[in-house]
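Chains as they are written, first to last, in my numbering: chain S, 1 to 292; chain X, 293 to 547.
Structure follows, in structure tokens:
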């Protein structure tokens, strides 16, 4: 006999509803909570080290004093270099995949390649960069080698985000453009790309954050323990924020003494990444509003 | 076929369209007369949209679509070897069932077609105004040219799409169920517009609404399951058709 809507059943369904709702809420709270904890931890331990000297000076006295200025600049160069490589290449690949390619073997292989590339561990990227750029191409440990390695690391992220953004542009816009006598490229350049811009930018800026924080790829290819001068060409090695943390905390000569500086460096790095990500979100929201 | 004084603007000869293995259109032979309104009617899936889209080769963008036969515009087969698709589309404008203005301002929507087709920059503003007037939309938007086109009502958006298509001065205007998503008042405005436009353009309109076909068109073509069942003057088709199937469709026995 069917008793689907007895009072008992209704009551039980409502309870299940409330449980599910609460569990979801708790998950959200946990997530924000963990982020807050990490942030607070680093802020409390590191804020003491932050001052103008820290941000603008080279390290001295075996890194127990001074600042991390070269690390900030080094991370900056490496990240810019990575984006210069990955953004045009990534967007072009995404345009090819979404606008030109016909479904078939080649496209499937490319897509497979992109997702596999995304899964390669970053230390493997480092080894790849070392043997190809540093040794075989003879770039040496340099900004160039590091940027290329980081660039390939973030390439799949940019391709995915860009492709998604392009595919989300309504097909009706393309049809309208073609019916007016536009060529395919005109349609892509003047209608599709501008509308996909917010998604592409978001993906790119999030990749910047990723590139800035990666340690393994740059350990082998660009970063060094110490430089005494700012690099004068892209074939020079650099210091970098994530590598500096590692160096101070494990390989340096005054591990305990420099602890506050390690947290200070970590704080600068986190603030950099958070700042860049917030920029991404603001930009994306602005662009979305403009297109509504 | 009918009055010899009327010039044929575009005609199809044994035109067939396949989507993969599915034959959507079967050997269509039909003429479209200049400065007349030709309506394509028929139940869903009969191929009328496929037919109208083959006029400006919009079926080309569908991945496994294939066309056989000829479609001759002013004596030239637009499916021939080495034909420039872009040049063909420049001469044939299209308005879609669901209006699709670009997410740009009213002005830029119309300027887009002018710019990509190389109209001189200093003429653009005048031409935008001219085509908005031609689409009976100017008075409603003349103070709002920089506003986003997406803020307009459904009927206004559709008239904007008409203006956009007319701005580049096509010879033929294709309308694929232009009023099906509009309320009766907006529909009436579109129908009045069609009446005015045919003095300058050749118009082909697909419609689900038979009364509309009877109201606006000079010639009507009845399609069913990919075949052209009957073609003739609208008055004849609706009062005294030759084929029994036409009669049954018109009187609503099926559809």
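Heads up, the beta-carbon is just placed ideally off N, CA and C, and yes, glycines get one too. Because the structure is a prediction, the values reported are computed rather than measured.
Nearest chain X C-beta to residue 175(S) closer than 8 Å, yes or no? Closer than 8 Å to some Cβ of chain X, the Cβ of residue 175(S) qualifies, so yes.
For residue 203(S) and chain X, any beta-carbon pair shorter than 8 Å? Chain X, which has no Cβ nearer than 8 Å to the Cβ of residue 203(S), makes this no.
Answer with yes or no whether the minimum CB distance from residue 102(S) to chain X is below 8 Å. Residue-level contact by beta carbon holds for residue 102(S) and chain X, with a gap shorter than 8 Å.
CA-to-CA distance, residue 386(X) to residue 318(X), given in whole angstroms: Whole-angstrom Cα-Cα distance: 23 Å.
Measuring only the C-alpha atoms, how far is residue 271(S) from residue 185(S)? So the two alpha carbons sit approximately 40 Å from each other.
Whole-angstrom distance between residue 359(X) and residue 343(X), CA atom to CA atom: Here the C-alpha atom of residue 343(X) lies approximately 11 Å from the C-alpha atom of residue 359(X).
Suppose the cutoff is 8 Å on Cβ atoms and the five residues either side in sequence are ignored; what does the same chain contact list for residue 295(X) look like? Reliability of the predicted coordinates at residue 295(X) is poor, the pLDDT of 49 falling under 50, and no value is obtained from them.
Within 8 Å of any Cβ in chain S, is that where the Cβ of residue 555(X) sits? Limits of chain X in this structure are 293 at one end and 547 at the other, which puts residue 555(X) out of reach.
Nearest to residue 546(X) (by Cα), restricted to the options 485(X), 334(X), 487(X): Minimum Cα distance to residue 546(X) is reached at 334(X).
Below 8 Å between beta carbons is the criterion; list the residues of the stretch 401-435 of chain X that meet it against any residue of chain S, in chain order. Along the stretch 401-435 of chain X, the positions whose C-beta sits under 8 Å from a C-beta of chain S are 404, 405, 408, 409, read in chain order.
Using 8 Å as the threshold, is the C-beta distance between residue 83(S) and residue 166(S) below it? Going by C-beta atoms, residue 83(S) is not nearer than 8 Å to residue 166(S).
Return the bridge partner residues of residue 288(S) from the DSSP annotation. DSSP, once it has assigned bridges, lists no residue as partnering residue 288(S).
For residue 181(S), does the three-state DSSP call read helix, strand or coil? Collapsing the DSSP output to three states places residue 181(S) in coil.
8 Å Cβ cutoff, residue 369(X) in contact with chain S: At a cut-off of 8 Å between C-beta atoms, residue 369(X) does not count as an interface residue with respect to chain S.
Determine the direct distance from the alpha carbon of residue 58(S) to that of residue 68(S), and round the result to whole angstroms. Cα to Cα, the separation comes out at about 6 Å.
Can you give the Cα-Cα distance for residue 424(X) and residue 288(S), rounded to whole angstroms? Cα to Cα, the separation comes out at about 28 Å.
Below 8 Å on C-beta distance, what does residue 390(X) contact in chain B? Here the protein chains are S and X, and chain B is not one of them.
Let's see if you can read the secondary structure: which residues bound the alpha helix (DSSP H) around residue 213(S)? Per DSSP, the continuous alpha helix (DSSP H) segment holding residue 213(S) begins and ends at 193-213.
Strictly under 8 Å for the Cβ-Cβ distance: is residue 267(S) near chain X by that measure? False, the Cβ-Cβ gap to chain X never drops below 8 Å.
In DSSP terms, what residue 66(S) is bridged to: DSSP lists 59(S) as the beta-bridge partner residues of residue 66(S).
Hey, how far is the Cα of residue 544(X) from the Cα of residue 501(X)? Between residue 544(X) and residue 501(X), the alpha-carbon positions lie close to 11 Å from each other.
Mind checking which residues open and close the beta strand (DSSP E) that includes residue 515(X)? Start and end: 511-516.
Given residue 497(X), which residues of its chain have a CB within under 6 Å of its CB, disregarding the five upstream and five downstream residues? Closer than 6 Å at Cβ, skipping near neighbours: 331, 467.
Comparing the C-beta of residue 116(S) with each C-beta of chain X, is any distance below 8 Å? Not closer than 8 Å to any Cβ of chain X, the Cβ of residue 116(S) fails to qualify, so no.
So, at 6 Å on beta carbons, what are the nonlocal neighbours of residue 159(S) in its own chain, with the 5 sequence-adjacent residues on each side left out? Cβ neighbours of residue 159(S) beyond the five flanking positions: 90, 93, 94, 114.
Thinking C-beta only, is residue 312(X) closer than 8 Å to residue 356(X)? A Cβ-Cβ contact shorter than 8 Å links residue 356(X) with residue 312(X).
Distance between beta carbons of residue 364(X) and residue 495(X), contact taken as under 8 Å: In fact, because the Cβ distance is near 18 Å, the residues do not count as touching under 8 Å.
Got a sec, what are the start and stop residues for the beta strand (DSSP E) residue 566(X) sits in? Nothing can be reported for residue 566(X), as the shown portion of chain X is limited to 293 through 547.
Would you decide whether residue 304(X) is buried or exposed? Buried here means 16 or more other CB atoms lie within 10 Å of its CB. By the Cβ-count criterion, residue 304(X) is buried, with 16 or more other Cβ atoms from all chains shown falling within 10 Å of its own Cβ.
Between the alpha carbons of residue 283(S) and residue 201(S), how many angstroms are there, rounded? For residue 283(S) and residue 201(S), the distance between alpha carbons rounds to 8 Å.
Do residue 134(S) and residue 124(S) have their beta-carbon atoms positioned less than 8 Å apart in this structure? No, the Cβ-Cβ distance between residue 124(S) and residue 134(S) is not below 8 Å.
Among 539(X), 409(X), 390(X), whose alpha-carbon lies nearest the alpha-carbon of residue 378(X)? When only C-alpha atoms are compared, the closest one is 409(X).
Going by the DSSP bridge assignment, what does residue 93(S) pair with across the sheet? Bridge partners of residue 93(S): none, in fact.
Reference residue 66(S), options 219(S), 50(S), 156(S), closest by Cα: Closest option to residue 66(S), Cα to Cα, is 50(S).
Quick check: what's the CA-CA separation for residue 412(X) versus residue 398(X)? Each residue's alpha carbon lies about 19 Å from the other.
Along the stretch 73-107 of chain S, where does the CB come closer than 8 Å to a CB of chain X? Name the residues. Cβ contacts with chain X come from 102, 103.
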